[in-house]
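Enquirer: Residue numbers (full-length UniProt numbering), protein chains in the order written: chain A, 1 to 324; chain B, 1 to 336.
#1: With a CB to CB cut of under 8 Å and the five nearest residues on each side skipped, what residues in its chain are close to residue 280 of chain A?
#2: If the cut is a Cβ gap below 8 Å, which residues of chain A does residue 236 of chain B touch?
#3: Sort out for me which residues DSSP pairs residue 69 of chain A with in a bridge.
#4: Since residue 166 of chain A and residue 92 of chain A should fall inside the 8 Å C-beta cutoff, what is the C-beta to C-beta distance between them, to a whole number of angstroms?
#5: Tell me whether residue 261 of chain B is buried or exposed, calling it buried when 16 or more other Cβ atoms sit within 10 Å of its Cβ.
#6: Closer than 9 Å, CB to CB, is residue 299 of chain B near chain A or not?
#7: Could you check whether the Cβ of residue 243 of chain B sits closer than 9 Å to any Cβ belonging to chain A?
#8: If you reduce the DSSP assignment to three classes, tell me which class residue 83 of chain A lands in.
#9: When we look at the beta-carbon of residue 45 of chain B and count the other beta-carbons within 10 Å, is it buried (16 or more) or exposed?
#10: Scan the region 242-263 of chain A for residues whose Cβ lies nearer than 8 Å to a Cβ of chain B and list them as they occur along the chain.
#11: Terminal residues of the continuous alpha helix (DSSP H) containing residue 201 of chain A?
#12: Please report the residue range of the alpha helix (DSSP H) in which residue 16 of chain A lies.
#13: Which chain A residues sit within Cβ distance under 8 Å of residue 331 of chain B?
#14: What residues in its chain sit with their C-beta under 7 Å from that of residue 206 of chain A, if we drop five residues either side in the sequence?
#15: Indicate whether residue 27 of chain A and residue 56 of chain A have their beta-carbon atoms separated by less than 9 Å.
#16: Out of B/273, B/105, B/116 and B/83, state which residue places its alpha-carbon closest to the alpha-carbon of residue 220 of chain B.
#17: Touching or not, the region 21-28 of chain B and the region 294-309 of chain B, by the rule of three or more beta carbon pairs under 8 Å?
#18: At the level of alpha carbons, what is the spacing between residue 73 of chain A and residue 58 of chain A?
#19: Kindly list the residues whose CB is nearer than 7 Å to the CB of residue 290 of chain A, restricted to its own chain and excluding five residues on each side of it in sequence; keep chain order.
#20: Please report the straight-line C-alpha distance between residue 163 of chain B and residue 213 of chain B, rounded to a whole angstrom.
#21: Please check if any C-beta of chain B sits within less than 9 Å of the C-beta of residue 202 of chain A.
#22: With respect to the beta strand (DSSP E) encompassing residue 230 of chain A, which residues constitute its N-terminal and C-terminal limits?
#23: Cβ of residue 79 of chain A within 9 Å of Cβ of residue 240 of chain B?
#24: Can you pull the chain B residues whose beta carbon is under 7 Å from the beta carbon of residue 297 of chain A, in chain order?
#25: When you compare the CB positions of residue 101 of chain B and residue 182 of chain B, do they come within less than 9 Å of one another, or not?
#26: Looking only at C-alpha atoms, which of B/180, B/194 and B/138 sits nearest to residue 186 of chain B?
#27: Going along the chain, which residues of its own chain have a beta-carbon closer than 8 Å to the beta-carbon of residue 109 of chain B, five neighbours each way excluded?
#28: Does any residue of chain A have a CB that is nearer than 9 Å to the CB of residue 240 of chain B?
#29: What number of angstroms, rounded off, separates the C-alpha of residue 262 of chain A from the C-alpha of residue 22 of chain A?
#30: Between the region 29-61 of chain A and chain B, which residues of the former have CB atoms less than 8 Å from a CB of the latter, in chain order?
#31: Taking Cβ-Cβ distances below 8 Å as the criterion, which residues of the region 8-20 of chain A are in contact with chain B?
#32: Should residue 373 of chain A be labelled buried (16 or more other beta-carbon atoms within 10 Å of its own) or exposed?
#33: Do residue 234 of chain A and residue 221 of chain A come within 9 Å of each other at the CB atom, strictly closer than that value?
#34: Give the straight-line distance between the Cα atoms of residue 188 of chain A and residue 155 of chain A, rounded to the nearest whole angstrom.
#35: Is it right to say residue 121 of chain A is buried, meaning 16 or more other beta carbons lie within 10 angstroms of its own, or is it exposed?
#36: Please confirm whether residue 325 of chain B has its beta-carbon closer than 9 Å to some beta-carbon of chain A.
Have a look at this one:
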C-alpha cells in the first residue's frame, strides 16, 4: 500500500462554482520514494501539498475522495488529530527560507518547539537533540548557531535550519516546496544533496515540488507533470525524460537551455496557462499545443494509464501501443 | 548601542531649549500678569503694581528675564510659585504621583483592552466584531475628552451612582501619603474600605484618559496582526502542527507587538496632555490640574518649569521605548 494516496483532489478559492486551482488530481507516493511534481507557476503544485497539510484557509475549499496518508484519511481528521500528524510524520519545507523562520526567536527555540510538540522532549534533552539536528543538516559551528536569530543566517543556512525543523520528528514523508528556488546556484546543489542524503538515511519519502527538470532527473524516481491544476503525465525517471508522451512534457524538456545548444532561439511553448475566464472547453493545453486536433478542442481528455505511466492526451507521443 | 544612546541624549539639548523658549513666550502672550490676577478685578494702584512687578523681576526687558530664567535653571533652581511661595520642584514632586497613577491606570486599561480587541478583530477580520471594534475605536479617538468625561460622569456617577464624581478618595478617609500612589497608600493604611474607595475613584478618570490610547492601540494591533498572520513564518508555525493559540500568540503576537510597542510609547505624550483635561474634569489633584490653575493665575515659574519637567519626562519615556524596541526586535538589537 502506498504511503500517500490522493484521490480526486480539487481545490477552489471562492464558491463551489469557482474555477478549480487543483482539478481532480490523483497522486500516490510509496514509502521511501522520491516523487517530483513539476509544472510552471500557478499549475497547482504547492496548493496540492498545502491542501494535504490542511494549510488551505478560507476562502479556499478542499474536496477529495480521499487524502490517505499512512493509513489515515487526512480529510476526515479534526484539528487536534491532524496537528498530531503534520510536523511529525508529514512535514514540509518552503520556498523562501529567509521568511520561513520567525525573526523573533532563536534557531534553537524554533527547532526545540517541534521536539516539544511531537517528541515530548524538554530542556536539556531537547537542546541536545536540536544540536544533533543542526549537525545532521551540516551547519558548521552548530552549537553557536542554536542561539542565533534568523537574520544572522544566510539563505542556505536558513534553509538548512528549516530542514532540521522539518526532520526533527523523523517524518515518513517530507514535502519540499521549491526548496532551492530562492537560493544561489552553488547553494542549490548543496541543499539538494543534503535532502537526498537525508531521504536515504532516514528512509523517508520525499515529494519534491520544482520546476527545475535537471534536479528532477538527478533525484526523483517518479515525476508528475502538472498543467493548469491537472496532472497531465505521470511516469518514471528516466523514461519520461527520454520518451515524453504528453506534448506539454515534451515542450518543458525542449525548453531546457542545454537542449537548445546551437539553436538560434530557446524553444518555448507560445501562450500562457489559461486563467479563470479563458479556460478552453476541450483539453486545457489545446490553445498552445503544437499537435492540436479538432477533438482536443471539443473534449477534455482523462488521465489514462499506459505501459510506462499515465498521460492525459488523446494523441500521446512516443507510445508503441495505442492508449485505450 | 552606546552611540545610539549618545545621539539620542544629544538631541535632548535643542529640545530642552525649544521648550523653555516656547513656554516662556507663550505664558507672557496671555494678557494680564501675575500681579493683576493677584490683586483682583479692581483697578490697581499703578505705583503698587509697578512695585510688585519690580519685586518679582518682571519689569526687566524680556531677554533679561529669559536669561535669568535659564541662569536659574543652570543652577538647578526651578524657582518658586508666585501664589504659594512653595518651590516648584516640591509642588511638582508632591502632585506627580497622582498623575502617574492615573496615567498608568489609563495605560493599563488601554493596553489590555486594546491588545485583546485588536487581536480578536484581526482573527475575525470582516466580522461584525471587527467592524464594531474599528467603528467604536474611531469614535473613541474622535471624542473630545472633556465631553466624554462629562458623559461618563453623568451616566455612571449621577444616574447609576456606581462611582464617585470627583477626587481621589473619600474625605472620610485620612490616608498618610507614603508613596503618593493612592492605591498603595490605602493598602498600607489600616483604614478599612479605603482601597476599594480609591479604586472606585480611579476607574472613571482612567477610562476617560485611556480612551484615545485604547483606540490607537486596538487599531495598530489589528493591522500589525493582520500583516504578521500573512507572513511565511506563520505558515511554517502552522505546518509544525502547533495549536492555533500558540501560532497566534507566540509566533504572531510576538512580532506584531513590535510596532504596537512604539505606538504605546508615543501615547505617553497623549496621556499627559489628556491628563490636564481629565484631572480638571474629575478634580484629580495632579500635575495637570495644577498647571491649569497656574495658567489661570499667570504663575510664570510654575507654568514654565512644570511644562519643562513634563516635556523632559515625555522625552525620557520615548527614549526608554526606543531601547525597549531594540529588546523586542532582535534585528535592531544586533546592529552595531
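The C-beta atom is built at its ideal place from N, Cα and C for all residues, glycine as well.
Predicted model only: the values in this text are computed from it and were never measured.
Expert: According to the structure data:
#1: In the first chain, counting from the first residue as 1, residue 280 of chain A sits at position 280. Within the same chain, residue 280 of chain A has close Cβ partners 274, 286, 287 and 297.
#2: Taking the second chain and counting its residues from 1, the one referred to as residue 236 of chain B is at position 236. Close to residue 236 of chain B, with beta-carbon spacing below 8 Å, are these residues of chain A in chain order: 94, 100, 101, 102, 162 and 165.
#3: Residue 69 of chain A sits at position 69 when you count from the first residue of the first chain. For residue 69 of chain A, the pairing in a beta bridge is given by DSSP as A/4 and A/72.
#4: Taking the first chain and counting its residues from 1, one reaches residue 166 of chain A at position 166. Taking the first chain and counting its residues from 1, one reaches residue 92 of chain A at position 92. Contact annotation, residue 166 of chain A with residue 92 of chain A: C-beta distance approximately 6 Å; criterion of less than 8 Å satisfied.
#5: Walking along the second chain from the start, residue 261 of chain B turns up at place 261. With 16 or more other Cβ atoms within 10 Å, it is buried.
#6: The residue given as residue 299 of chain B occupies position 299 in the second chain. Judged by the 9 Å Cβ criterion, residue 299 of chain B is not in contact with chain A.
#7: For this step, residue 243 of chain B is matched to residue 243 along the second chain. Yes, its Cβ sits closer than 9 Å to a Cβ of chain A.
#8: Taking the first chain and counting its residues from 1, the one referred to as residue 83 of chain A is at position 83. In the three-state DSSP reduction, residue 83 of chain A falls in the helix class (H, G or I).
#9: Numbered from its first residue, the second chain carries residue 45 of chain B at position 45. Result: exposed.
#10: For the region 242-263 of chain A, no residue has a beta-carbon sitting nearer than 8 Å to a beta-carbon of chain B.
#11: Within the first chain, residue 201 of chain A is the residue found at index 201, counting from 1. Per DSSP, residue 201 of chain A is one residue of the alpha helix (DSSP H) stretching across 185-202.
#12: Taking the first chain and counting its residues from 1, one reaches residue 16 of chain A at position 16. In the DSSP assignment, residue 16 of chain A falls outside any alpha helix (DSSP H) and carries neither an H nor an E.
#13: As a working note, residue 331 of chain B is residue 331 in the second chain. In chain order: 103, 149 and 151.
#14: As a position in the first chain, residue 206 of chain A is number 206, starting the count at 1. Excluding residues within five positions, the ones whose Cβ falls inside 7 Å are 34, 174, 176, 195 and 199.
#15: Position 27 of the first chain holds residue 27 of chain A. Position 56 of the first chain holds residue 56 of chain A. Contact flag unset, no.
#16: The residue given as residue 220 of chain B occupies position 220 in the second chain. Selected option, being the one with the closest Cα: B/116.
#17: Yes, the region 21-28 of chain B touches the region 294-309 of chain B.
#18: For the purposes of this step, residue 73 of chain A is identified with residue 73 of the first chain, where counting begins at 1. For the purposes of this step, residue 58 of chain A is identified with residue 58 of the first chain, where counting begins at 1. So the two alpha carbons sit approximately 21 Å from each other.
#19: If you number the first chain from 1, residue 290 of chain A lands on position 290. Cβ neighbours of residue 290 of chain A within its own chain (closer than 7 Å, five residues either side excluded): 247.
#20: Locating residue 163 of chain B in the second chain gives position 163, where the first residue counts as 1. Locating residue 213 of chain B in the second chain gives position 213, where the first residue counts as 1. Each residue's Cα considered, the two are about 22 Å apart.
#21: Start at 1 with the first residue of the first chain, and residue 202 of chain A comes out as number 202. Output row for residue 202 of chain A: interface = no.
#22: Taking the first residue of the first chain as 1, we reach residue 230 of chain A at position 230. Start and end: 230-236.
#23: On the first chain, residue 79 of chain A is found 79 positions in, with the first residue counted as 1. On the second chain, residue 240 of chain B is found 240 positions in, with the first residue counted as 1. Result no, Cβ atoms of residue 79 of chain A and residue 240 of chain B do not sit closer than 9 Å.
#24: Residue numbering aside, residue 297 of chain A sits at position 297 when the first chain is read from its first letter. What residue 297 of chain A touches in chain B: nothing, since even the nearest Cβ is about 39 Å away.
#25: For the purposes of this step, residue 101 of chain B is taken as residue 101 along the second chain, with counting starting at 1. For the purposes of this step, residue 182 of chain B is taken as residue 182 along the second chain, with counting starting at 1. Contact: yes.
#26: Locating residue 186 of chain B in the second chain gives position 186, where the first residue counts as 1. The shortest C-alpha separation from residue 186 of chain B is found at B/194.
#27: For this step, residue 109 of chain B is matched to residue 109 along the second chain. The residues are 206, 207, 210 and 214.
#28: On the second chain, residue 240 of chain B is found 240 positions in, with the first residue counted as 1. Answer yes: the Cβ-Cβ gap between residue 240 of chain B and chain A drops below 9 Å somewhere.
#29: Taking the first chain and counting its residues from 1, one reaches residue 262 of chain A at position 262. Taking the first chain and counting its residues from 1, one reaches residue 22 of chain A at position 22. So the alpha carbons of these two residues sit roughly 38 Å apart.
#30: Those would be 53 and 55, in chain order.
#31: The residues in question: there are none.
#32: The requested residue 373 of chain A is not part of the displayed model; chain A covers only 1 to 324.
#33: On the first chain, position 221 is the one that residue 221 of chain A refers to. On the first chain, position 234 is the one that residue 234 of chain A refers to. The answer is no: Cβ separation not under 9 Å.
#34: Looking up residue 188 of chain A in the first chain gives position 188. Looking up residue 155 of chain A in the first chain gives position 155. If you take the alpha carbons of residue 188 of chain A and residue 155 of chain A, they lie about 10 Å apart.
#35: The residue you call residue 121 of chain A lines up with position 121 of the first chain. Buried, because 16 or more other Cβ atoms sit within 10 Å of the Cβ of residue 121 of chain A.
#36: Position 325 of the second chain, counted from the first residue, corresponds to residue 325 of chain B. By the rule that beta-carbons nearer than 9 Å mark a contact, residue 325 of chain B does not touch chain A.
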